[in-house]
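Written below as structure tokens is the structure these notes are about.
2 protein chains.
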Amino acid sequence: MEIVIDIEDPVPLFSQLVTQVKDAIQNGKLSPGDPLPSIRQLAIDLELNAKTVAKAYRLLERDSVIQTRGYRGTFVHPDARANSTVDLNAWVMDKLTDTVAAFREAGATDSEIRIAFGKVMNERIGGER
Amino acid sequence: MEIVIDIEDPVPLFSQLVTQVKDAIQNGKLSPGDPLPSIRQLAIDLELNAKTVAKAYRLLERDSVIQTRGYRGTFVHPDARANSTVDLNAWVMDKLTDTVAAFREAGATDSEIRIAFGKVMNERIGGER
DNA sequence: ATATGTACCATTACAACACATGGTACATAT
DNA sequence: ATATGTACCATGTGTTGTAATGGTACATAT
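Protein sequence lines correspond, in order, to chains W and A. Under numbering that gives the first Met the number 0, the first residue of the first sequence carries the number 0, and numbering increases by one thereafter. Under numbering that gives the first Met the number 0, the first residue of the second sequence carries the number 0, and numbering increases by one thereafter.
Written out as structure tokens, the structure reads:
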């Protein structure tokens, strides 16, 4: 697995890492069950902060692309191949695109939409940790 | 029509103005057809920048609460009473609240939702002025 | 001891955006 | 001339959120 992080790239570092892991899985360079470097080790290799790597791993696990087994390390998820194709963000984008289009059609200003969005995102419903 | 703008109020000035005009209409202090002060004049009276007043007027006209007749001035819209009840922002908020809730339920991070939103808002489809 | 993922404390830098301000200019019609 | 709404140029301020960094600590198990 060769991962290259470009500090100049406007794409966030953790995001580059997520993408490259998914790519490696789709290319077959990584297979289900394969072990991944530990957060700390990978941070050293890529000259990143461990937090940054941890963030990438957290997102990858949420998408069931990798699996963390506590002290045993991190491994490629059994369904990684399928799950690294499914793009949660794409689904979110599509939904949002439609919604925003409806707003604009209704005459709402981009500014108004942004403000409404900001309010919604800050509304912590009923006790979220 | 008595309008009072509070500079200390965290609510934006143009927004205070919009609200107060709508209120005046619902209270009957303003009736359909009534003339409104010119942008420049109202700016002087309220000690606001003309741009700020213009912004409020623009939004009010978009909601068909007032009507601008060019050089003839600005007047309360015939359907102002009904239209000042309809709250476009409330509708936008509701829709967005549902949409965002669905995203969160799907496991999306708030950060991801924000990023997706940012992308959607910056996508200027096909030649917008 | 050593290593795993994870959780908290925190700060810094940076970008995007809203709000409000100022000035100037235009076509419109009185 | 005077006034209307509107459009463009622009700047400054403050807020918000992201991204990335650092340090410390924990329970887990080898």
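Glycine included, every Cβ here is placed at the ideal spot set by N, Cα and C. Fair warning: this is a prediction, and the values are worked out from it, not measured in the lab.
Q. Is it right to say Q25 (chain W) is buried, meaning 16 or more other beta carbons lie within 10 angstroms of its own, or is it exposed?
A. exposed
Q) Any idea which residues DSSP pairs L35 (chain A) with across the strands? A) A:T73
Q) Does DSSP put T84 (chain A) in a helix, in a strand, or in coil? A) coil
Q: Flag L12 (chain A) as yes if its beta-carbon sits less than 9 Å from any beta-carbon of chain W, otherwise no.
A: no
Q: Let me know if S110 (chain W) comes out buried or exposed under the rule of 16 or more other beta-carbons within 10 Å of its beta-carbon.
A: exposed
(Q) Under DSSP, the alpha helix (DSSP H) around T18 (chain W) begins and ends at which residues? (A) 12-25
Q: Assuming L87 (chain W) and A107 (chain A) form a contact by the criterion Cβ under 8 Å, report the distance between their Cβ atoms to the nearest whole angstrom.
A: 6 Å
**Q.** Beta carbon proximity, E111 (chain W) to chain A, threshold 9 Å
**A.** yes
Q) What is the rounded straight-line gap between the Cα of Y70 (chain A) and the Cα of S37 (chain A)? A) 10 Å
Q: Less than 8 Å between the CB atoms is what I'm expecting for A115 (chain A) and L95 (chain W), so what's the real figure, rounded?
A: 5 Å
Q.
9 Å is my cut-off, CB to CB: does L59 (chain W) come that close to chain A?
A. no
Q: Work out the CA separation of T98 (chain W) and I112 (chain W) for me, nearest whole Å.
A: 10 Å
Q | Contacts around P34 (chain A), its chain only, beta-carbon distance under 6 Å, and the 5 residues preceding and following it disregarded | A | G72, F74
Q.
Taking 8 Å as the limit between beta carbons, can you name the residues of its chain near E122 (chain A), skipping five residues before and five after?
A. none
Q.
Between the alpha carbons of Q40 (chain W) and Q15 (chain W), how many angstroms are there, rounded?
A. 17 Å
**Q.** Residues of the segment 76-96 of chain W with Cβ closer than 8 Å to any Cβ of chain A, in chain order
**A.** L87, N88, W90, V91, M92, K94, L95, T96
**Q.** Host beta strand (DSSP E) of I136 (chain W) (start-end)
**A.** The structure shown does not extend to residue 136 (chain W), since chain W spans only 0 to 128, so no value can be given for it.
Q. From T84 (chain W) to E104 (chain A), what distance separates their C-alpha atoms?
A. 20 Å
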